[in-house]
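*Asks:* This is the structure I have questions about; it appears just below.
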Amino acid sequence: MSTVSNAKKKAVLLLAHGSPDSVDEIPEFLRQVTGGRPVPTRVIEEVQHRYGLIGRSPLTELTVKQGELLARELGLPVYVGMRNWKPFIATAIDAMTADQVSQAIVICLAPHNSRTSVGLYRSALSRNGQPPFGFDFVESWHDHPRLIEAFAAKLQAGWERACREARAQVPVIFTAHSVPLSSVTEGDPYETQTKETAALVARTTSLPPSLWKFAFQSQGMSGGAWLGPTVEDTILDWKRQGHPGVFIQPIGFLCDHVEVLYDIDIGFKQFAEQQGMRLWRAESLNDSPLLTKALAEIARSRMTKSAPGP
1 MSTVSNAKKK AVLLLAHGSP DSVDEIPEFL RQVTGGRPVP TRVIEEVQHR
51 YGLIGRSPLT ELTVKQGELL ARELGLPVYV GMRNWKPFIA TAIDAMTADQ
101 VSQAIVICLA PHNSRTSVGL YRSALSRNGQ PPFGFDFVES WHDHPRLIEA
151 FAAKLQAGWE RACREARAQV PVIFTAHSVP LSSVTEGDPY ETQTKETAAL
201 VARTTSLPPS LWKFAFQSQG MSGGAWLGPT VEDTILDWKR QGHPGVFIQP
251 IGFLCDHVEV LYDIDIGFKQ FAEQQGMRLW RAESLNDSPL LTKALAEIAR
301 SRMTKSAPGP
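At position 238 of the sequence shown (counting the first as 1) the number is 238 in the working numbering, and the numbers step up by one without a gap.
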């Protein structure tokens with residue numbers, strides 16, 4: 001078989017959380033998230049309220065765009081599969097099988113490894129048996145140099161603008177999605193990796209240690225202990241230190257979606273205003289060329305290894 005023929009059978013599979021296309025689809029979406037377990041009516045109504053305020057989540061559209069940019073950069077097919085909504089991971093695997101893919105690099109668009117995210121993606125990948133092709137699953141890429149550069153570029157641009165508007169140095173809060181505390185106590189690397197990403201971005205932008213903190217956002221509505229500190233408590237910390245505003249960069253997310261467009265742009269902004277403070281946010285990576293380069297470098301480095309198996 002020719003080299004060209006072999007190359008055509010290599011591909012990349014990007015995995016993401018997924019997001020409903022309309023408010024009406026939220027009950028079914030939440031059932032997907034919980035694995036079929038009943039969702040309290042109050043939770044459904046609150047999520048519908050949040051999606052209603054932002055209009056729609058662009059997560060699927062942006063993820064597909066990220067895949068298209070990566071395919072162009074690599075010159076290889078890139079497939080997108082969502083864990084909790086369309087296009088589902090199983091649909092992507094079916095398409096890859098039909099296209100006779102023989103080797104795939106699987107990258108979660110969640111750079112930090114947690115059993116509540118990356119672990120569930122991996123389980124979903126083989127839910128109906130192993131895919132009929134070899135794959136190399138990337139466990140985490142939270143410290144990849146191009147990823148750090150991508151976040152740093154967005155931070156630098158937004159923070160400098162905020163400082164000009166505030167006529168002062170505005171403190172920064174780096175955030176990532178919270179996870180149940182039980183997952184961390186079981187040896188999950190998520191907390192360490194998210195904080196390491198924040199520290200690397202701060203160092204790259206020469207942000208003084210006295211001007212940034214880390215917080216976890218979007219704690220679940222189902223009760224139980226979740227990883228903290230919360231963003232609200234951290235905003236209050238900066239207020240007590242006399243700062244008139246805060247700048248947030250969510251380094252746990254790679255594109256705009258409800259946790260950014262509602263939780264930060266609406267929820268945290270309103271909280272800050274209630275405290276007499278202003279709130280700014282870094283732009284999400286979305287279609288950042290540096291993000292594309294990070295994904296491409298990961299894929300290329302894995303493909304230079306011997307052909308992996310499931």
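C-beta atoms are modelled at their ideal positions from N, C-alpha and C, and glycine is treated no differently.
Using only alpha-carbon positions, find the residue among G81, E297, T97, S284 that is nearest to P132.
*Replies:* Residue mapping note: residue 132 aligns to position 132 of the sequence shown, counting from 1. If we check each option's Cα against that of P132, T97 comes out closest.
*Asks:* Give a yes or no on whether the C-beta atoms belonging to A259 and S218 are separated by under 8 angstroms.
*Replies:* Indexing the sequence shown from 1 puts residue 259 at position 259. Indexing the sequence shown from 1 puts residue 218 at position 218. Reading off the sequence, residue 259 comes out as Glu, not Ala. It is a contact, given that the beta carbons lie within the stated cut-off.
*Asks:* Around the Cβ of D256, are there at least 16 other Cβ atoms within 10 angstroms (buried) or fewer (exposed)?
*Replies:* To locate residue 256, count along the sequence shown from 1; it is residue 256. That one is buried.
*Asks:* By alpha-carbon positions, which one of L261, T234, K239, N286 ends up nearest to V254?
*Replies:* To locate residue 254, count along the sequence shown from 1; it is residue 254. Per the sequence shown, the amino acid found at residue 254 is Leu instead of Val. Of L261, T234, K239, N286, the residue nearest in Cα terms is N286.
*Asks:* Give the secondary structure of W212 by DSSP, where H, G and I count as helix, E and B as strand, and everything else as coil.
*Replies:* Here residue 212 is taken as the residue at index 212 of the sequence shown, counted from 1. If DSSP states are grouped into helix, strand and coil, W212 belongs with the strands.
*Asks:* Buried or exposed: Y190, going by 16 or more other Cβ atoms within 10 Å of its Cβ?
*Replies:* Walking along the sequence shown from the start, residue 190 turns up at place 190. Buried, because 16 or more other Cβ atoms sit within 10 Å of the Cβ of Y190.
*Asks:* Once DSSP output is grouped into helix, strand and coil, what is the label at G158?
*Replies:* Within the sequence shown, residue 158 is the residue found at index 158, counting from 1. DSSP places G158 in helix when its eight states are reduced to three.
*Asks:* Excluding five sequence neighbours on each side, which residues of the same chain lie with their C-beta closer than 6 angstroms to the C-beta of S117?
*Replies:* Translated into the one-based positions of the sequence shown, residue 117 becomes position 117. So the qualifying residues of the chain are A110.
*Asks:* Taking the alpha-carbon of A225 as reference, which of T194, P208, H243, T185 has the nearest alpha-carbon?
*Replies:* The residue given as residue 225 occupies position 225 in the sequence shown. Answer by Cα proximity: T185.
*Asks:* I'd like to confirm something about H144: is its beta-carbon nearer than 7 angstroms to some heavy atom of the ligand ATP, or not?
*Replies:* This structure lacks the ligand ATP; in fact it carries no ligand of any kind.
*Asks:* Using 8 angstroms as the threshold, is the C-beta distance between V231 and T175 below it?
*Replies:* Position 231 of the sequence shown, counted from the first residue, corresponds to residue 231. Position 175 of the sequence shown, counted from the first residue, corresponds to residue 175. Taking 8 angstroms as the Cβ cut-off, V231 and T175 qualify as a contacting pair.
*Asks:* Please report the straight-line C-alpha distance between A152 and M303, rounded to a whole angstrom.
*Replies:* Taking the sequence shown and counting its residues from 1, one reaches residue 152 at position 152. Taking the sequence shown and counting its residues from 1, one reaches residue 303 at position 303. Each residue's Cα considered, the two are about 27 angstroms apart.
*Asks:* Tell me the DSSP bridge mates of W226?
*Replies:* Taking the sequence shown and counting its residues from 1, one reaches residue 226 at position 226. W226 pairs with P180.
*Asks:* Give a yes or no on whether the C-beta atoms belonging to P222 and V179 are separated by under 8 angstroms.
*Replies:* To locate residue 222, count along the sequence shown from 1; it is residue 222. To locate residue 179, count along the sequence shown from 1; it is residue 179. For the record, residue 222 in the displayed sequence is Ser; it is not Pro. No, these two residues do not count as a Cβ contact at 8 angstroms.
*Asks:* Considering only C-alpha positions, which residue in the set G81, W141, W85, K86 is nearest to L125?
*Replies:* Residue mapping note: residue 125 aligns to position 125 of the sequence shown, counting from 1. Measuring from the Cα of L125, the nearest candidate turns out to be G81.
*Asks:* First and last residue of the alpha helix (DSSP H) that includes P27?
*Replies:* Within the sequence shown, numbered from 1, the residue matching residue 27 stands at position 27. Its alpha helix (DSSP H) spans residues 26–33.
*Asks:* In three-state terms, what does DSSP make of A168?
*Replies:* Mapped onto the sequence shown, residue 168 falls at position 168. In this structure, A168 counts as coil in the three-state DSSP scheme.
*Asks:* If contact is defined by three or more beta carbon pairs under 8 angstroms, each pair taking one atom from either stretch, is the stretch 85–94 in contact with the stretch 288–301?
*Replies:* Result no; under three Cβ-Cβ pairs closer than 8 angstroms.
*Asks:* At the level of alpha carbons, what is the spacing between A166 and R83?
*Replies:* Stepping through the sequence shown from its first residue, residue 166 is reached at position 166. Stepping through the sequence shown from its first residue, residue 83 is reached at position 83. The straight-line gap from Cα to Cα measures roughly 41 angstroms.
*Asks:* Would DSSP call Y79 helix, strand or coil?
*Replies:* What you label residue 79 is simply residue 79 of the sequence shown in a count that begins at 1. In the structure shown, Y79 sits in a strand (DSSP, three-state: E or B).
*Asks:* Along the chain, where does the alpha helix (DSSP H) that runs through F133 open and close?
*Replies:* Along the sequence shown, one-based indexing puts residue 133 at 133. F133 -> no alpha helix (DSSP H), and no H or E assigned at all.
*Asks:* Any contact of the stretch 51–70 with the stretch 230–249, i.e. 3+ C-beta pairs under 8 angstroms?
*Replies:* Segments in contact, no.
*Asks:* Name, in chain order, the residues that DSSP records as bridge partners for Q217.
*Replies:* The residue labelled residue 217 in the question sits at position 217 within the sequence shown. According to DSSP, Q217 bridges with H177.
*Asks:* Three-state secondary structure (DSSP) at K10?
*Replies:* As a position in the sequence shown, residue 10 is number 10, starting the count at 1. If DSSP states are grouped into helix, strand and coil, K10 belongs with the strands.
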